[in-house]
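Student: One structure is given below, represented as structure tokens, and several questions about it will come after.
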Amino acid sequence: MQLIQPTVDHLQSYLQTLERGWNPLYYKHPVPLTLIEAMKKDPERFISLHHDPTGELSAQKFKDGPTKPSIPSITKWMWDGDYAGSIDIRWQYGKTDLPVNSNGHIGYTVPPWKRKKATLKKHCNYF
């Protein structure tokens, strides 16, 4: 098991995981087709959003105001020859707290068939 930076070369395995019905965002809901379509339409852009240490790649444009950077983040994939899960790290420069709408500093997701192998604990210790 490795912790890797996602690349386009790894995307097919991730896509197969989604097509199997697993949703990395809401495990009790079906995978939104827009996610799969976005991956297929522009795989390089999709992968680039997994490494956004400035928050600029996923900045939000508001109708009545300026563009606002998102929270800086990086995502690593757990890899056992196939996609085995993700670990996300989020932060704000110069602060110890995150905004109330953020889910925390470290988030993770693992498909059900890859769970109970102690790999998540091992990789969280990496950070």
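Numbering (numbering that gives the first Met the number 0), first residue to last: 0 to 126. All residues carry an ideal CB built from backbone N, CA and C; glycine is no exception. Quantities reported herein were computed from a predicted structural model and do not represent experimental measurements.
1) Using the Cα positions of D8 and D96, report the straight-line distance between them to the nearest angstrom.
2) Using DSSP with H/G/I as helix, E/B as strand and the rest coil, what is K40?
3) From G80, G93, S72, K94, pick the residue whose C-alpha is nearest to that of I86; which is it?
4) Any heavy atom of the ligand FMN within a distance shorter than 8 Å of the CB on K39?
5) State the start and end residues of the unbroken beta strand (DSSP E) segment that holds S57.
6) Could you name the residues of the same chain whose beta carbon sits closer than 8 Å to that of D51, not counting the 5 residues immediately before and after it, in chain order?
Tutor: On the basis of the supplied data:
1) Near 35 Å, if we compare the C-alpha coordinates of D96 and D8.
2) Three-state result, K40: helix.
3) The option with the nearest alpha carbon to I86 is S72.
4) Absence of the ligand FMN is noted for the structure shown, with no ligands found whatsoever.
5) Here S57 belongs to no beta strand (DSSP E), and DSSP marks it neither H nor E.
6) Excluding residues up to 5 positions away in sequence, S57, S69, P71, S72, I73 lie with their Cβ nearer than 8 Å to the Cβ of D51 in the same chain.
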